[in-house]
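Just so you know, full-length UniProt numbering puts 11 at position 11 of the sequence shown, and the rest follows in order with no gaps.
Each residue gets a CB set at the ideal place from its N, CA and C atoms; glycine is no exception.
Structure first, commentary second.
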Amino acid sequence: SKKERLDILLVEKGIFPTREKAKSAIMAGEVLVGGERVNKSGQRIKTESNISVIKKETAYVSRGGEKLEKALKVFNVNVKGKRVIDVGASTGGFTDCLLKSRAQKVYCIDVGYGQLAWKLQKDSRVVVIDRTNIRYLTADKFDDLFELATIDVSFISLDKVLPVVYSLIKERGEVVALIKPQFEAGREFIQKGGLVKKAEVHQMVIEKVGEKAQEMGFSIHGLTFSPLKKVSGNIEYLIYLVKNTGKDKINNFPQIIEEVVKKAHQELSPKK
């Protein structure tokens, strides 16, 4: 059977983008072949070998990129060639993921200043609009409406942000928004350290976000949970909304919420 250098094989299999990245992972002892650590890049390996990587380098400028990457896959969102508005861009994890998914242009909105990763600031496909509160943005600030919006905001509820986003996107425009229970639940549900742990509170919060979104004219097309838990221990969710279309929307949303929350808790908060 055919053999190939390990570093070349890793790139061919799409596990790493470049041989350089593959080499440093191999040297760091992060690559296992058939469950055994191999730390020589030049070692020749059977091409059908079972290769795994124990610590995948973050592909994005921040971990937010991994959250959005999962959502785009689960919801089957096509970003290619789209004009996107990224609300609460921060360091740019979502923006980075959008560009890697071949967005045409990404407008980065953030209340903060100068947080966006330098490589994104100097990317010609990125338009930086910082020191800007999304709540006061109007469509006339842009030469055209957007086809897709991504939202990752803190210290504010999505029901304050979604109406504005609705006005900034086209008919059938899509929204992928991160739901953070700690900023959606009433004070009485928040535990010490800003934690919201109870599954039933998560369900209630997501249901509330969904209802408000539908009242605004969005239809709900998907729900998933973030693959990463906040350092604080909060589980987050991602909802997929489409403007003004009754088609292929989820009809049994409460049931879906229950399933997604249950799965999130099983995977991210396993009972000791």
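Annotated three-state conformation of I8 is helix, per DSSP.
Contact annotation: S90 and T47 have beta-carbon atoms that are not nearer than 9 Å.
Residue range A199 to M216 is occupied by the alpha helix (DSSP H) that includes K208.
Around the beta carbon of R83, a 10 Å sphere encloses 16 or more other beta carbons of the protein chains shown; the residue is thus reported as buried. Inter-segment contact for the region 166–176 and the region 203–210 is absent: fewer than three beta-carbon pairs are separated by less than 8 Å.
S52 sits in a strand when the DSSP states are folded into three classes. C-alpha of V209 to C-alpha of V164: approximately 15 Å in a straight line. The C-alpha of D152 lies about 41 Å from the C-alpha of R5.
L68 sits in a helix when the DSSP states are folded into three classes.
In the structure shown, A22 adopts helical secondary structure according to DSSP, grouped into three states. Non-local C-beta neighbours of P181 in its own chain, meaning closer than 6 Å and more than five positions away in sequence, comprise V196, H202 and V205, ordered along the chain. The beta carbon of I85 is closer than 7 Å to those of Y107, I109, F146, A149 and L168 in its chain, skipping five residues each way along the sequence. Where L32 is concerned, the enclosing beta strand (DSSP E) starts and stops at V31 to V33. For K119, the enclosing alpha helix (DSSP H) starts and ends at W118 to Q121. The C-alpha of R135 lies about 41 Å from the C-alpha of G14. Remark: C-beta atoms of I250 and G222 approach each other more closely than 9 Å.
Beta-bridge partners assigned by DSSP to C97: none are found.
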